[in-house]
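Enquirer: Could you have a look at this structure, given as structure tokens, before my questions?
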């Protein structure tokens with residue numbers, strides 16, 4: 001696992017019911033011995049004051065470095081992707097294509113298929129010290 005410091009831009013992988021399989025951009029505002037982090041989300045707001053960003057303490061296994069931006073020109077059937085929806089990136093699999101730049105994405109966790117434009121998709125990548133793009137078969 002990469003060393004994550006205060007001020008680092010990260011993604012938080014939610015474990016909350018209804019949000020499993022989604023990643024949200026955040027900034028680390030404090031760390032607690034690499035066991036957990038206080039993060040300030042970029043696109044999520046506080047329930048108490050919607051003018052303020054949501055701040056949470058999350059466990060270290062929910063935090064990963066912000067992935068490098070990759071411009072995708074297209075995807076193949078069964079490619080692992082992240083689809084940008086509801087202020088976060090949701091992990092899915094390409095299940096079809098419509099036209100030249102729209103793709104159906106199937107979300108295993110929820111059993112749902114949704115159509116997205118290419119502009120709202122990125123290759124799904126995992127990290128364990130190095131970023132790896134995953135192909136699903």
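In UniProt numbering, the protein residues as written are 1 to 137.
Built from N, CA and C at the ideal position, the CB exists for glycine as well.
Since we're looking at a predicted model, the values are computed, not measured.
(1) Enumerate in chain order the residues of its own chain whose CB-to-CB distance from residue 124 is below 6 Å, with the five nearest sequence positions on each side excluded.
(2) Within its chain, find whatever has a CB closer than 7 Å to the CB of residue 95; leave out the 5 residues flanking it on each side and keep chain order.
(3) Please report the residue range of the beta strand (DSSP E) in which residue 37 lies.
(4) Check whether the Cβ atoms of residue 9 and residue 23 sit closer than 7 Å, and answer yes or no.
(5) Using only CA atoms, which one of 76, 72, 6 lies nearest to residue 32?
(6) Give me the Cα-Cα distance between residue 137 and residue 51, rounded to the nearest whole angstrom.
(7) How far does the beta strand (DSSP E) with residue 96 in it extend, from its first residue to its last?
(8) Could you name the residues that DSSP lists as bridge partners for residue 77?
(9) So, with DSSP's three-state summary, where would you put residue 101?
(10) Rounded to whole angstroms, what's the CA-CA distance from residue 69 to residue 57? Just pull it up for me.
(11) With distances taken from CA atoms, which of 13, 111, 117 is nearest residue 60?
(12) Quick one: what's residue 85 bridged to in DSSP?
Expert: Concretely, from the data shown:
(1) Cβ neighbours of residue 124 beyond the five flanking positions: 80, 81, 82, 91, 134.
(2) The residues are 104, 105, 106, 113.
(3) That run of the beta strand (DSSP E) goes 36 to 45.
(4) Cβ atoms of residue 9 and residue 23: not closer than 7 Å.
(5) That would be 6, whose Cα lies nearest to the Cα of residue 32.
(6) At residue 137 the pLDDT is 45, less than 50, meaning the model places this residue with poor confidence; the figure from the coordinates comes in the next sentence. Roughly 43 Å between the two C-alpha positions.
(7) Start and end: 88 to 98.
(8) In the DSSP secondary-structure assignment, residue 77 is not bridged to any residue.
(9) Reduced to three states, the DSSP call for residue 101 is coil.
(10) Counting only the Cα atoms, residue 57 lies some 26 Å from residue 69.
(11) Ranking 13, 111, 117 by CA distance to the CA of residue 60 puts 13 first.
(12) Bridge partners of residue 85: 88.
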